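In the numbering used here, the protein residues as written are 163 to 233. Every residue gets a Cβ at the ideal spot worked out from N, C-alpha and C, and that includes glycine. Computed from a predicted structure; not experimentally measured. Below: one structure, written as structure tokens.
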Amino acid sequence: MEKKYNIESLRFSQGFLCIKIDSNEYRFKLSVISKSLAAASEEELNNFKISPSGYGIHWPLLDEDLSIPGL
């Protein structure tokens, strides 16, 4: 499978999703991108899986998915 995006790091800080993709850093306000993520516990937020292609992120405890292009 061809890798679309190289997600180098992903973390949460003060209500933001902080993500480094292809050497570029981005910050997204959780309440804007996902109500589920905004209301989630630290444990739920930190339990995520990045798709092999780097195209998306899945939170199994929340049944939540985000695509990189959708951000």
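Around the beta-carbon of Ser196, 16 or more other beta-carbon atoms lie within 10 Å, marking it buried. In this structure, Pro222 and Asn209 form a Cβ contact; the two beta carbons are roughly 6 Å apart against a cut-off of 8 Å.
Checking the DSSP bridge columns, you'll see Tyr167 has no partner listed.
In the DSSP assignment, Ile183 falls within the beta strand (DSSP E) that extends over 178-183. The beta-bridge partner set that DSSP reports for Tyr188 consists of Ile181.
In the DSSP assignment, Leu199 falls within the alpha helix (DSSP H) that extends over 197-201.
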